[in-house]
Each structure stands twice: as structure tokens, then as C-alpha cells.
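J.: Below are the C-alpha cells for one structure; questions will follow.
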Amino acid sequence: MRASAGSDVVVAEKPASARFWARVLDAVSRLRMTSVMATLAVVAAISLVAVETTSAVVYYGVPLVVAFGLVIVQAGSIPVAVVRPTLGAVLSVVAALTLQWLSDADIGGPWPWWVALIISQTLTLFVVAVRANWLVAVSAWILAVASSAVLSRVLRPDLVDPSSINLVVFSSISGAALIIGIVLAQWGEIRAQLLRERSVSIEEYSRRRLVEDRARIARELHDVIAHGLSIINVQSTTAPYRNPGLDERVAQEFQEIAASSRQALGEMRALLGVLRDDVPSGVKPQPRVSDVGELVASAERAGMAVTLDWLEPQEMDDVTEVVGLAAYRIVQEALSNAIRHAPGTAVTVVGSRDERSLSITVTNTAPSGALPPSGEPGFGLVGMAERAASVAGTVSADADGHGGFVVRAILPLRGADYESVVLS
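Structure, rendered in C-alpha cells:
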């Protein structure tokens, strides 16, 4: 059983912890993607070195040592572009142009871009498009196309038509790869931004729900505290009439107490005006600790198997309305959550007290079958913690070690800690 406010499910992670692990997972994901891309780039570069060196030496007459060095730089630009996109783009263009300048165009093959060179340069441009800003990738593509066009006109003006066709082929293939890379990069950026926005939205929603829970608790406490203030006001106002022989100074003190209580009531009404819902919820008495029995009975009518071991009537006499309200709501939230998330299990509600505190334990056994879908996460544990904190109490929720779940709450009775919270 996981506690919930109403019928919502709670996520027990702390927001700070959730944000930390989200950042860690995001960093691991980025590192994994970079590692995979770098590995593929190294494999492609090694494969291209052999093919491109052979083509440059055998078919285009580039000296072996020079060809091997330039091909290492040109093909090696692919893995370099994974970590340093701009550097990889510059190295690939410079090495490709140098190979074209040293190559022999009279062999009748494609020139200035032969097949292996096209593949290597296209892969480099694709990696740059994925890893860098689209402007860097487009600039590298324009530089490669424009510089090779100028070089072919300067070195071999007699091969205008063949070189132009070759440039069109290279521009088309590398341009298509460039566009695909830019689209993938933009898709990844949009996806990452949507995930960040979703994370922010969930966090803001959690904060709003927490504020709403606190406001609802404050509205309920208003009814209880206002009742006590009204009694103080009535008693202090009527005291001089009920006791005609009171000393004048004592009567004056009663008048001051009455005035202070009336002022406090007015301030409480103003507070309620700030906290009230847009839709009025009606006026009804707030539940007490003695109403837990009826709450359990209603759960049994809904089909739950509930065992109640609650306080004796005489033990509930001095439990204040504020503490009783908190106890009732905690039991209510635990039961409603068990109905939704652990149907068919046996639930035990135990209440006990000593001179200082009221203890509540709600336990459910292990579900016998598959659990129903949890739905959207809610804020039950947070709500119960707020309930307990309103009377300086505590709540814990955890597995019981046997497949079930247990919620424990300790609510102080009248005492220094309790009074400091209520009066603050």
C-alpha cells in the first residue's frame, strides 16, 4: 500500500533527490551516445584509410607517404568531429583539398572528389551536423564545395564539364547527409527541451499540490480553532454578569480577553477568506477521533476487510479537536489508498495512546494477485506528513517485510510542542 490523498498515489522520492538522479541519468545517456558515435567513427575511419590511401596512390598518383599522412588526417577527422566538430570540419576540408591538389586528374576517373574521398567527407559533415550548431555544419559544407570548385578551375580549366558533374554529385550526396544530420540534431534538442520542460512542470505541479494541501488543512483547522475562540469570547463576555461580585480589575481583564478573542476571530475569518476555494464546500462539522469507527465501517461497506483496534471512549475524551482531525484524515487517506492499490487485502487499523501522544498504525497484508495500474502519481505521503506536522507529529510509511505496507503516525497530545505549533 502506498499512501495517497483521496485516491492519488504518492511518489516517495524527494524532489531534490529526483532532480539529482535525473541529471546523473541524463549525463550517462549523453556519455553513452558520445561513446557509441565515437566508436562507429573510429571503425569507419580505419576502414576508409585503407581504401582511400589505395585510391590516392594507385589511381591518382599521390606519393605513398604523403597520401597516407593526408588520408590519416582526412579520415581521422570523422572521430575528431565527434568531440571537436569545428576542428574536425577544418581538418577534413584542408586534407581533402591537399589530396585533390596533389592528385592526377588525367586518369579519366572522378575528380576532384573520388568515391572514397566523397564517403569520408560526407561522414565528417554528417557528424559535424549532429554534434555542432547547424551553422558550423553548413559553413563546412559550403567551404568544401566552393574551395574544390575553385581548385578544379585553377588546376584543370580544360576539365570543366567532368569536374562540374563530379561537384554536383558530391554536393548532392554530402548535402543530403548534412540535412539528415541537422534534422537529427534538432530533433534531439527539441526532445531534450521537452523533457526539461516536463520535469519543470512536474516540479511546479508538486509544489502547487503541496500548497493546496496546506491550504485545505488550514481551512479545516480554522473551524476547530474558531470554535474554541468563540467559547472563550462568550465566557469572557458573560463572566461579569454570571459573577456579579467580581473585582473591577478582574472584570476589566475579562473585557480585554473578550476584545482580544473577537479580534482573533475577525483575523481568522480574514485568513479563511484568503484560503477559501473558488467553489464553496458547504458548512459541516469537522470529523473527530471518535469518528474513526464510522470511517472504518464505511470502508467495510465498500468491500474491505478491516480490523479496528481503536481507543476506548474514555481515552478519547481529552483528545483535542485538532489532533482528532489529523488522526481521522491520516486513517482516511491510508484506507482510501488501500482500496485503490491493494484491493482484497486485509487491513488493520490500530490506535493507542499514552500521556503524551496518540499512535496510529495502518497495515495491509500482501496482495494475492496482480496489482491494478497505479495511475498518475499523487501526494498522499506529503499530505499525511502535513497533517501530522500541523500538530507537531510525524508519519512514516514503508514495506512491512512480508509483502504488505504499514503507515505509522505519532501525534502529540497537549504539550509544549503541540501548543507551540497551534499557537504559532
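Note that the numbering used here numbers the sequence shown so that position 33 is 141, with each residue one more than the last. The C-beta atom is built at its ideal place from N, Cα and C for all residues, glycine as well. Remember, predicted model here, so these are calculated numbers, not experimental data.
1) Give me the Cβ distance between LEU178 and ALA203, rounded to the nearest whole Å; I'm assuming they're in contact under 8 Å.
2) Would you call ASN445 buried or exposed, if buried means 16 or more other Cβ atoms sit within 10 Å of its Cβ?
3) Let me check understanding here. Comparing Cα to Cα, which of VAL174, GLY452, ILE339, ALA175 lies closest to VAL414?
4) Just the C-alpha distance for THR232 and GLU305, rounded to the nearest angstrom, thanks.
5) In the DSSP assignment, find the unbroken alpha helix (DSSP H) run with LEU199 in it and report its ends.
6) Report yes if the C-beta distance between VAL397 and MET424 is below 7 Å; otherwise report no.
7) Report the rounded CA-to-CA distance for VAL514 versus TYR436, giving the unit in angstroms.
8) Would the segment 162-174 and the segment 212-229 be scored as touching if the rule is three or more Cβ pairs under 8 Å?
9) Counting C-beta neighbours from all protein chains within 10 Å, is the total for ASP462 16 or more, i.e. buried, or is it exposed?
10) So, SER543 versus LEU199, is the Cβ gap smaller than 7 Å?
11) For PRO520, which residues does DSSP report across the bridge?
12) Could you check whether the segment 274-285 touches the segment 250-263, counting it as contact only if at least three pairs of C-beta atoms, one from each stretch, sit closer than 8 Å?
13) Can you give me the start and stop residues for the beta strand (DSSP E) that LEU416 sits inside?
14) Pull up the CB-CB distance for LEU156 and SER228, whole angstroms please, since I reckon it's below 8 Å.
15) Taking the alpha carbon of VAL342 as the reference point, which residue from ALA366, ILE226, PRO352 has its own alpha carbon closest?
16) Have a look at ALA454 and GLY509 and give me their C-alpha separation to the nearest angstrom.
17) When we look at the beta-carbon of MET141 and count the other beta-carbons within 10 Å, is it buried (16 or more) or exposed?
18) Relative to the alpha-carbon of THR471, which residue among GLU494, PRO218, ILE447, GLY491 has its alpha-carbon at the smallest distance?
19) Rounded to whole angstroms, what's the CA-CA distance from TYR313 to THR502? Just pull it up for me.
20) Please return the same chain residues whose Cβ sits closer than 7 Å to the Cβ of VAL151, not counting the five positions on each side in sequence.
21) Is the beta carbon of ALA237 sitting closer than 7 Å to the one on PRO187?
22) Report yes if the C-beta of GLY289 is less than 6 Å from at least one heavy atom of the ligand SAH; otherwise report no.
23) Using the Cα positions of LEU521 and GLU429, report the straight-line distance between them to the nearest angstrom.
24) Is DSSP giving ASP506 helix, strand or coil here?
25) Give me the Cα-Cα distance between VAL534 and SER307, rounded to the nearest whole angstrom.
26) Look up VAL427 in the DSSP assignment and say whether it is helix, strand or coil.
27) State yes or no: is the C-beta of VAL190 within less than 7 Å of the C-beta of VAL235?
28) Start and end of the alpha helix (DSSP H) containing ARG261?
29) In angstroms with no decimal places, state the Cα-to-Cα distance between LEU531 and PRO395.
30) When the Cα of LEU259 is compared with those of VAL201, GLY196, GLY216, which residue comes out closest?
31) Does the separation of the CB atoms of VAL431 and LEU519 fall below 7 Å?
32) Rounded to a whole number of angstroms, what is the C-alpha to C-alpha distance between GLY512 and ARG495?
33) Between the alpha carbons of ILE325 and ARG316, how many angstroms are there, rounded?
34) Within the continuous alpha helix (DSSP H) that includes ARG239, where are the two ends?
35) Measure how close the beta-carbons of ILE226 and PHE278 come, nearest whole angstrom, since I'm counting them as under 8 Å.
36) Can you say whether ILE533 is buried or exposed, counting buried as having 16 or more other CB atoms within 10 angstroms of its CB?
T.: Taking the geometry as given:
1) Along the sequence shown, read from residue 1 onward, the residue named residue 178 stands at position 70. Along the sequence shown, read from residue 1 onward, the residue named residue 203 stands at position 95. Rounded to whole angstroms, the Cβ separation of LEU178 and ALA203 is 5 Å, and the two are in contact under 8 Å.
2) Within the sequence shown, numbered from 1, the residue matching residue 445 stands at position 337. Burial check for ASN445: the Cβ neighbour count within 10 Å reaches 16 or more, so the residue is buried.
3) Locating residue 414 in the sequence shown gives position 306, counting from the first residue. Residue GLY452 is the option with its Cα nearest to VAL414.
4) For the purposes of this step, residue 232 is identified with residue 124 of the sequence shown, where counting begins at 1. For the purposes of this step, residue 305 is identified with residue 197 of the sequence shown, where counting begins at 1. THR232 and GLU305: Cα-Cα distance of roughly 32 Å.
5) Taking the first residue of the sequence shown as 1, we reach residue 199 at position 91. Counting along the chain, the alpha helix (DSSP H) containing LEU199 begins and ends at 193-210.
6) For the purposes of this step, residue 397 is identified with residue 289 of the sequence shown, where counting begins at 1. For the purposes of this step, residue 424 is identified with residue 316 of the sequence shown, where counting begins at 1. Cβ distance < 7 Å, so VAL397 and MET424 count as in contact.
7) One-based indexing of the sequence shown puts residue 514 at position 406. One-based indexing of the sequence shown puts residue 436 at position 328. Straight-line Cα distance between these residues: approximately 16 Å.
8) Flag = yes, the segment 162-174 and the segment 212-229 touch.
9) As a first step, residue 462 must be located in the sequence shown, where it is residue number 354. Of the residues assessed, ASP462 falls on the exposed side of the cut-off, its CB having fewer than 16 other CB atoms within 10 angstroms.
10) This structure does not reach residue 543, given that the chain is present from 109 up to 532, and the question cannot be answered.
11) The residue labelled residue 520 in the question sits at position 412 within the sequence shown. SER465.
12) These segments touch.
13) As a working mapping, residue 416 is identified with position 308 in the sequence shown. That run of the beta strand (DSSP E) goes 413-417.
14) In the sequence shown, residue 156 corresponds to position 48, counting from 1. In the sequence shown, residue 228 corresponds to position 120, counting from 1. At roughly 5 Å, the Cβ-Cβ gap stays under 8 Å, so LEU156 and SER228 are in contact.
15) Here residue 342 refers to the residue found at position 234 when the sequence shown is read from its first residue. Ranking the options by Cα distance to VAL342, first place goes to ALA366.
16) For this step, residue 454 is matched to residue 346 along the sequence shown. For this step, residue 509 is matched to residue 401 along the sequence shown. Rounded to whole angstroms, ALA454 to GLY509 spans 16 Å at the Cα level.
17) Here residue 141 refers to the residue found at position 33 when the sequence shown is read from its first residue. Exposed: under 16 other Cβ atoms inside 10 Å.
18) Translated into the one-based positions of the sequence shown, residue 471 becomes position 363. Measuring from the Cα of THR471, the nearest candidate turns out to be ILE447.
19) For this step, residue 313 is matched to residue 205 along the sequence shown. For this step, residue 502 is matched to residue 394 along the sequence shown. Here the alpha carbons of THR502 and TYR313 stand approximately 24 Å from one another.
20) Taking the sequence shown and counting its residues from 1, one reaches residue 151 at position 43. If you ignore the 5 residues before and after VAL151, its C-beta comes within less than 7 Å of no other C-beta in its own chain.
21) As a working mapping, residue 237 is identified with position 129 in the sequence shown. As a working mapping, residue 187 is identified with position 79 in the sequence shown. Not in contact: ALA237 and PRO187 (Cβ atoms no closer than 7 Å).
22) Summarising the ligand content, the structure contains no ligands, and the ligand SAH is consequently not present.
23) Working through the sequence shown from its first residue, we reach residue 521 at position 413. Working through the sequence shown from its first residue, we reach residue 429 at position 321. If I take the Cα positions, the gap works out to 11 Å.
24) By one-based count along the sequence shown, residue 506 stands at place 398. Secondary structure at ASP506: strand, using DSSP grouped into helix, strand and coil.
25) Residue 534 lies beyond the residue range present for the chain, which begins at 109 and ends at 532; the question has no answer from this structure.
26) To locate residue 427, count along the sequence shown from 1; it is residue 319. In the three-state scheme derived from DSSP, where H, G and I count as helix and E and B as strand, VAL427 is classed as coil.
27) The count along the sequence shown starts at 1 and reaches residue 190 at position 82. The count along the sequence shown starts at 1 and reaches residue 235 at position 127. A contact, by the Cβ cut-off of 7 Å.
28) Your numbering for residue 261 matches position 153 in the sequence shown. For ARG261, the enclosing alpha helix (DSSP H) begins and ends at 242-263.
29) Counted from its first residue, the sequence shown places residue 531 at position 423. Counted from its first residue, the sequence shown places residue 395 at position 287. Low local confidence applies: a pLDDT of 42 at LEU531 is under 50, so the model's placement there is unreliable, with the coordinate-based value given in what follows. One Cα belongs to LEU531, the other to PRO395, and the distance between them is close to 21 Å.
30) Translated into the one-based positions of the sequence shown, residue 259 becomes position 151. That would be VAL201, whose Cα lies nearest to the Cα of LEU259.
31) Here residue 431 is taken as the residue at index 323 of the sequence shown, counted from 1. Here residue 519 is taken as the residue at index 411 of the sequence shown, counted from 1. LEU519 is positioned such that its CB atom lies closer than 7 Å to that of VAL431.
32) Residue numbering aside, residue 512 sits at position 404 when the sequence shown is read from its first letter. Residue numbering aside, residue 495 sits at position 387 when the sequence shown is read from its first letter. Distance between the alpha carbons of GLY512 and ARG495 is about 23 Å.
33) Position 217 of the sequence shown, counting from 1, holds the residue named residue 325. Position 208 of the sequence shown, counting from 1, holds the residue named residue 316. Taking the straight line joining both Cα atoms gives about 14 Å.
34) If you number the sequence shown from 1, residue 239 lands on position 131. Counting along the chain, ARG239 sits inside the alpha helix (DSSP H) bounded by residues 223-239.
35) In the sequence shown, counting from the first residue as 1, residue 226 sits at position 118. In the sequence shown, counting from the first residue as 1, residue 278 sits at position 170. Right, the Cβ-Cβ distance comes to about 5 Å (below 8 Å), so this counts as a contact.
36) The question about residue 533 has no answer, for the chain in this structure spans 109 to 532.
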